[in-house]
Amino acid sequence: MTKKYLDKVYGARDAASTRALYDSWSDSYDAEVASNGYATPARCAEALAAHSGDLSEPVLDFGCGTGLSGLALKLAGFETIDGLDLSAEMLGQAREKGVYRNLSQIEAGVPLAHAPGTYAAIAAIGVIGAGAAPISVFHTLMKGLAKGNKLVFSFNDHALEDPINEAGVNEWLDCGAAKLLFKEHGPHLPGIDLNSNVYVIEKE
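Start counting the sequence shown at 0; every next residue gets the next number (numbering that gives the first Met the number 0).
Take a look at the structure:
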């Protein structure tokens with residue numbers, strides 16, 4: 000019987016434990032989330048495409064996991080996608096999908112290696128929230144954008160329960176450092192009755 004992970008993934012843990020969990024989950028991740036109707040990658044990719052101009056410009060898929068987010072971006076029309084993730088095993092699964100130009104492993108909490116403006120957009124799909132990355136990662140991603148670049152990201156219902164997450168976004172919006180282009184609440188993992196907000200914001 001295949002081991003299930005969705006019932007434990009939303010618990011708090013440190014970066015090393017998170018990496019270990021996703022390494023262990025890598026072989027069965029796609030099947031488990033697909034069986035629960037994982038909808039957020041396509042919702043994010045379609046929202047970003049609708050608010051983007053040239054889809055040939057490079058996109059960074061941050062926390063790409065097994066590549067379901069990159070596949071959704073490719074299906075939405077994006078042509079050049081790079082991926083970053085903590086888990087080497089997850090990156091191995093992503094590599095097999097053949098949708099990425101480059102894939103690299105990263106350490107938790109480190110600054111992004113690229114210069115702002117390298118990517119027209121960054122995607123952080125299902126990355127920030129309970130059992131995953133803290134809201135500090137959102138600020139790191141915003142610093143990796145140049146004026147006019149976009150960030151698409153999602154907060155599932157567990158992430159939305161903690162006010163610190165949307166407060167972090169509003170720090171940028173309320174002072175005019177970024178503007179909200181899109182926000183929609185909808186299905187995330189219908190099989191476990193979990194929804195998510197999808198956002199697209201543009202750096203000012």
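C-beta: ideal position from N, C-alpha, C; glycine also. Note that this is a predicted model, so its numbers are computed, not measured.
| Query | Result |
| --- | --- |
| Which of helix, strand or coil DSSP assigns to H50 | coil |
| Spatial distance of L180 from W171 (CA atoms) | 13 Å |
| Counted within 10 angstroms of its Cβ, other Cβ atoms place A132 as buried (16 or more) or exposed | buried |
| Under the three-state DSSP convention, the category A33 falls into | helix |
| Exposure label - K149; buried when at least 16 CB within 10 Å | buried |
| Beta strand (DSSP E) runs contained entirely in the region 161-203, provided each spans 3 or more residues | 177-188 and 193-202 |
| Under 9 Å between C-beta atoms of A119 and S51 | yes |
| Buried or exposed (CB count within 10 angstroms, at least 16 for buried), M0 | Note that M0 scores 36 on pLDDT, short of 50, meaning its location in the model is unreliable; the coordinates nonetheless yield the value given after this. Exposed: under 16 other Cβ atoms inside 10 Å. |
| Span of the alpha helix (DSSP H), counted from its first residue to its last, around F137 | S135 to K142 |
| Spatial distance of A123 from C174 (CA atoms) | 22 Å |
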